[in-house]
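Okay, structure first, notes after.
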Amino acid sequence: DVKVTQSSRYLVKRTGEKVFLECVQDMDHENMFWYRQDPGLGLRLIYFSYDVKMKEKGDIPEGYSVSREKKERFSLILESASTNQTSMYLCASSLTSGGWYQETQYFGPGTRLLVL
Amino acid sequence: DAKTTQPPSMDCAEGRAANLPCNHSTISGNEYVYWYRQIHSQGPQYIIHGLKNNETNEMASLIITEDRKSSTLILPHATLRDTAVYYCIASANAGGTSYGKLTFGQGTILTVHP
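Same order as they appear, the protein sequences are chains A and B. Each number in the numbering used here comes from the position in the first sequence (counting from 1) with 1 added on. Each number in the numbering used here comes from the position in the second sequence (counting from 1) with 285 added on.
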């Protein structure tokens, strides 16, 4: 069965701390994504990666960085956490399609981050 | 990705069909229509997709109008566990290799009541 796991379901950090959110998929997918979800704003794409060591900015990359050293693992890094980064963070993965069709994205359960 | 418009909320009685509409009047010829749903406190889950023809799977049916400007997701016998936010997305790759980007809107909150 398809599986995307995230390192924590809930996380509490202090302003200025460096925060690592980890995502692991076991489906050998090329693409991995990080979204944040806030009430009234829906899901917004932060970063995505289409291959090991490759990354692309999404719609709201400011204040975040990512790392993809292995195909199965995609990390989101908050270099210096701020209160406006309090949010639900969702990781997803998908295969690469050779045509117009977008392959299904499989999501993890999410990490609810609170920055105090 | 083409813009999609969905009603913010809908109700449905348990056991009845839930029909969720989506407008995508600016959809281009190579854009597919995708539906995902998100049950409370979980990540979104793929439901179904289509290009032109109506589609059916074990979860739902997708009806796309002939002009492709709108579509309807049908849950034939809604249960309480179908209460979720439903997202309609119109999207295509840039052509060639796809990175699978999808743009999620606000979706429709479907509440199934006993």
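Backbone N, C-alpha and C define an ideal beta-carbon position, used for all residues, glycine too. Fair warning: this is a prediction, and the values are worked out from it, not measured in the lab.
Check whether residue i and residue j have beta carbons under 9 Å apart
i: A/G41; j: B/Q391; result: yes
i: A/L1; j: A/K14; result: Outside the shown range of chain A (2 to 117) lies residue 1 of chain A, about which nothing can therefore be said.
i: B/S294; j: B/L387; result: no
i: A/H30; j: A/L77; result: no
i: A/E73; j: A/Q106; result: no
i: A/G64; j: A/L79; result: yes
i: A/S50; j: A/M33; result: yes
Own chain partners of residue i with C-beta closer than 8 Å, once the 5 adjacent residues on each side are dropped
i: A/L12; result: V20, L22, T112, R113, L114 and L115
i: A/M55; result: R69
i: B/A302; result: I359, L360, P361, H362 and A363
i: B/S313; result: A287 and A377
i: B/T350; result: S356
i: B/S383; result: Since pLDDT at B/S383 reaches only 49, below the 50 mark, its modelled position is unreliable, and no value is offered.
i: B/A345; result: W320, I332, I333, L358, I359, L360 and P361
Helix, strand or coil at residue i according to DSSP, with G and I counted as helix
i: A/R113; result: strand
i: A/D29; result: coil
i: A/L42; result: coil
i: B/S383; result: Caution is warranted here: a pLDDT of 49 is assigned to B/S383, below 50, making its placement in the model unreliable, and no coordinate value can be reported.
i: A/N85; result: helix
i: A/L96; result: coil
i: A/R69; result: strand
i: B/D286; result: coil
i: B/D296; result: strand
i: A/L77; result: strand
i: B/L365; result: helix
i: B/H334; result: strand
i: A/Y107; result: strand
i: A/P62; result: coil
i: B/E340; result: strand
i: B/Q323; result: strand
i: B/A303; result: strand
i: A/Q7; result: strand
i: B/I349; result: strand
i: B/H398; result: strand
i: A/E18; result: coil
i: B/F389; result: coil
i: A/E57; result: strand
i: B/N315; result: coil
Listed by chain order, chain A residues near residue i by CB distance under 9 Å
i: B/Q327; result: F108, P110 and G111
Same chain, Cβ closer than 7 Å to residue i, five either side skipped, listed in chain order
i: A/K58; result: Y48
i: A/P1; result: Only positions 2 to 117 of chain A appear in this structure, which leaves residue 1 of chain A out of reach.
i: A/D52; result: E31
Proximal residues to residue i (C-beta, below 6 Å), its chain only, five neighbours per side dropped
i: A/E18; result: A82
i: B/F389; result: Y372
i: B/I324; result: A369
i: B/N404; result: The question about residue 404 of chain B has no answer here: the residues shown for chain B are numbered 286 through 399.
Chain A contact residues for residue i, given Cβ-Cβ distances below 7 Å
i: B/Q391; result: G43
Proximal residues of chain A, C-beta to C-beta of residue i below 8 Å
i: B/Y331; result: T105, Q106 and Y107
i: B/S376; result: Q103
i: B/Y319; result: Q103
9 Å Cβ cut-off: residues of chain B touching residue i
i: A/L46; result: K386, L387, T388 and F389
Chain B residues whose Cβ lies nearer than 8 Å to that of residue i
i: A/L91; result: G328 and P329
Would you call the stretch 331–346 of chain B and the stretch 309–319 of chain B touching, i.e. three or more CB-CB distances under 8 Å? yes
* Cβ contact (3+ pairs, closer than 8 Å) linking the stretch 25–41 of chain A and the stretch 71–89 of chain A -> yes
#### Entry: Three or more C-beta pairs below 8 Å linking the stretch 351–367 of chain B and the stretch 294–307 of chain B
yes
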